[in-house]
Each structure stands twice: as structure tokens, then as C-alpha cells.
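Protein chains in written order, with our numbering: chain A, 34 to 139; chain B, 34 to 139; chain C, 34 to 139; chain D, 34 to 139.
The block underneath contains the structure these notes are about, expressed in C-alpha cells.
There are 4 protein chains.
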Amino acid sequence: MADPSLRDELADFVAERDWAQFHTPENLAKSISIEAAELLECFQWGPDADTGRVRDELADVLTYCLLLTDRLGLDAETIVRDKLERTREKYPVEKARGRSAKYDEL
Amino acid sequence: MADPSLRDELADFVAERDWAQFHTPENLAKSISIEAAELLECFQWGPDADTGRVRDELADVLTYCLLLTDRLGLDAETIVRDKLERTREKYPVEKARGRSAKYDEL
Amino acid sequence: MADPSLRDELADFVAERDWAQFHTPENLAKSISIEAAELLECFQWGPDADTGRVRDELADVLTYCLLLTDRLGLDAETIVRDKLERTREKYPVEKARGRSAKYDEL
Amino acid sequence: MADPSLRDELADFVAERDWAQFHTPENLAKSISIEAAELLECFQWGPDADTGRVRDELADVLTYCLLLTDRLGLDAETIVRDKLERTREKYPVEKARGRSAKYDEL
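Structure below.
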């Protein structure tokens, strides 16, 4: 995920516009929440949403996520895999299968 | 981004637990907002946050984003690149450089 | 808070437009998150925000909160007071004074 | 809404703990989003939620909203009424009745 060329493309895009100054981790975290809510707005009144709009908003959330992973010197794929490993332990198949309950209620 | 093996790993993780039934696009959109706020909580009272915690919450946001892109039959990298193209047009370098203003205020 | 006349005014506003059908608790919860993010957007790149815009977005969050309290047959002031009582216990003055730490870290 | 005594109660609660220093408008806006997502989490996997939990989280959102209105020298009820007036104009009954569409799509 975020192979070097997409990372570079995003970094160039930001550098060309001299926007790194605004991309503090805190501002990026706020931005992720802001875009996540624009994605949620596609479903404000029900489960059916315009796919094009969902696609756009999801792209915005992902973009800010990639900017933040990069800002923190992390690799998106690595942190997802690492977290998945811990989630396996919190949600063992035999307990969690078919259940949406949180791990402390399994 | 989300090379086939990470996608498969996530898909297997979900399938093993029979969780796809909960992963409607709407529920995934809600989940992205929920996790985005947990990430934001790292910065609730100021700009400095525990890096390990930020890393964890960011991984959760990314995970749900990847689950949603997959659920919609999209490719994460493709939608980010496509959106970046449109953002270039909305924020031409000569107008946007060094400015955080929204495109309709440039 | 939300004296009978403001409650009635909101209820009439909704009834006139036949909007109660959309105001399920879940949809109202989504709406609160959506508007909260529009409020947050006023501060996306820093701590200074346009007061008029903050005022507007805050009004929207409050409006949806009042619609939800009403939908659930609750009274806004009562639930805030009740919660404050419990928060007093979680954050006793002698431990919490001057500290932003969460109660389990006091 | 937020009659003088609830306002005072909240203000005293904050003052006793010397917490006003953390309550910048930006931090309060972040807090509102954070609590709104905890409310949303009650509905993460579907429309039915534990009423006690919803009540609690809703109280938290309202509390931070009242802290922010007070911090900005506003009155919660006044700003809701003012916004309602403008919303009447954006959503005239004859056009908006029974429709969840946004005002620019009516």
C-alpha cells in the first residue's frame, strides 16, 4: 500500500504548493475526521448512497491517512498488518465468529 | 496500495469470523468516522500525542477504509490517484501555493 | 434547557415538513457526527476560526442533539446534570485539578 | 436552554478543576467530534442501541456544546432559534415536505 510512487506523487503535490507547513499530525488527524464525516454524509438518511460520491469522499479520507502515515515516517501497509495481528488475538475465531460484540463482551 | 496479499489477508480475516454480514457500506462508513475520532482523541488537548497510540488508531482507520474500498470493488491506490488529479485542477500551484484557503476562496 | 417552547418550535418545524420519518435515532446520531465535523472544519488548519461560522455549525450540532433527546423522550438539561454528577466522581477535584489526563490515568 | 443555573454548575465544575486552560474553542470543537463518534458507536452495526449508553454519550456531546457556547459568550437557545429561522428559508414547506434532499437539490 502506498507504493513509493504514490507516496512520491502525494509528497510532490504537497511540496509544489508549499502545504507541508499546514500538515502537522494534529491538523491531519482533524482532516481525517472531517473527511470521514463527509463520507458518512453520503449515508445520512439511509443505507443507499451515490457510489461516485462515496468513492470521492473515501479517496479524501485515504489521502489524508497516507499523508499522516508519511508525516510520521510510517508505512501504511505495515501498520495495518501489525494491527491485524493484535486484532486476531482480541477476536479469536472460536469466540468472535458471527458476532459483532466488542472483544470485552465476547 | 493494498497489494493483493494485504487485501486477501483482510478478506480472510473477515471471512473466518463471518463478519462480512456486518460490513455494509453504511456500517463501514460509520466505523471509519468512529475510528477517525479515536485518532483525533490522541490530540484532544493539544498537538502532542503518543506516537504508538496514533499509529494504532491510524491503522484502524486505514483498515476500515480498505474494507470499504474492497466492499465497493474499488482499488485504494486508483481512487486516490484519480482524486489527486481533480485536486490539482481545483488547487493550481500559482493560486494555492502557501495558502490553506479552500478552492472557492482562492 | 430546551424549554417547552423551543422543543415545540423544533417539533413543529419537523412536523410541517413531514421529516420525522427520517429522524430515527441512528440517523440523528449520524447527523450529529456530520455537523460536529463541519464545526471542526472551522479549525482545520489552526486555532483561529470565523466566529459567525462556528456559531452556525454549533447551532446545527445543538439542533440535532435536541431532536435526538426529544426523539428518545429525554430532557437535555436532566441528562447533562445526571452525567455531570457521575463525572464529579470520576474526576475528584483533589486528583483532577489542573490535569487533562483521563480518569483511569489520574 | 442552559438556564443560568446549569451554566453556572458547568462553569463551577470546570473552575474547581482548573480546566478552563484546556477549553480553547478548538479543543472544545475536537471534543464535540470525539463524543459525537462515541454516540455514533452505539449504532455502529445497526439501528438498535442500548438506550442508557446513548443517553450517556448524548449527554457528553451536549455538555461540550454548552461549554463551547459559554466560552464564546453565546446562548445555546438563541443560536438554535436563529439558525432555525434561516433553515425555514432554505427548506420551505412546499418544496421540502417529505423529502430528505439537501436544499440545493430541492
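Think of the CB as a built atom: it goes at the ideal place given N, C-alpha and C, for glycine as much as any other residue.
query, result
"Distance, A/Phe76 Cα to C/Asp51 Cα", "20 Å"
"Run of the alpha helix (DSSP H) containing C/Lys63, from where it starts to where it stops", "Pro58 to Glu74"
"Endpoints, alpha helix (DSSP H) assigned at B/Tyr97", "Thr84 to Arg104"
"Which of helix, strand or coil DSSP assigns to C/Gln54", "helix"
"Straight-line Cα distance separating D/Ile65 from D/Phe46", "18 Å"
"Residue-level contact to chain A via CB, B/Lys123, 9 Å cutoff", "no"
"Residue span of the alpha helix (DSSP H) that contains A/Leu117, given as start and end", "Ala109 to Lys123"
"Touching by the beta-carbon criterion (3+ pairs, under 8 Å), the segment 106-116 of chain C and the segment 80-93 of chain D", "yes"
"Of the listed residues C/Pro125, C/Ala82 and C/Thr57, nearest to D/Ala82 (C-alpha basis)", "C/Thr57"
"9 Å Cβ cutoff, D/Glu90 in contact with chain B", "no"
"Straight-line gap, A/Ala48 to B/Ala129 (C-alpha atoms, nearest Å)", "11 Å"
"Beta carbon of D/Leu73 nearer than 9 Å to that of C/Glu42", "no"
"Which of helix, strand or coil DSSP assigns to C/Ala48", "helix"
"C-beta atoms of C/Leu61 and C/Leu100 nearer than 9 Å", "yes"
"Environment of C/Ala33 [buried if 16+ CB atoms lie within 10 Å]", "Absent from the model: residue 33 of chain C. The displayed extent of chain C is 34 to 139, so no value can be given."
"DSSP-derived helix/strand/coil call for A/Arg40", "helix"
"Straight-line gap, B/Arg121 to A/Cys98 (C-alpha atoms, nearest Å)", "18 Å"
"Coil, strand or helix - C/Asp137 by DSSP", "helix"
"Closer than 7 Å at the beta carbon, the chain D residues around B/Ala70", "Ser66, Ile67 and Ala70"
"Residue-level contact to chain D via CB, A/Lys128, 9 Å cutoff", "no"
"Between the CA atoms of D/Glu71 and D/Val87 - distance to the nearest angstrom", "9 Å"
"Cβ of C/Lys63 within 9 Å of any chain B Cβ", "yes"
"Of the residues A/Lys135, A/Asp137, A/Glu138 and A/Gly131, the one placed nearest B/Phe55, counting alpha carbons only", "A/Gly131"
"CB contact below 9 Å: D/Glu42 versus chain C", "yes"
"Status (buried if at least 16 other CB within 10 Å, exposed otherwise) for C/Thr84", "exposed"
"Beta-carbon spacing of B/Glu59, A/Pro125 below 9 Å", "no"
"Neighbour-count burial assignment, B/Asp103, 16 or more Cβ in a 10 Å radius", "buried"
"Cβ-based neighbour list, A/Tyr136, same chain, cut-off 7 Å, excluding 5 preceding and 5 following", "Lys123 and Tyr124"
"Residue of A/Trp78, A/Thr96, A/Ile67 and A/Glu138 minimising C-alpha distance to B/Arg119", "A/Thr96"
"Residue-level contact to chain D via CB, B/Phe46, 9 Å cutoff", "no"
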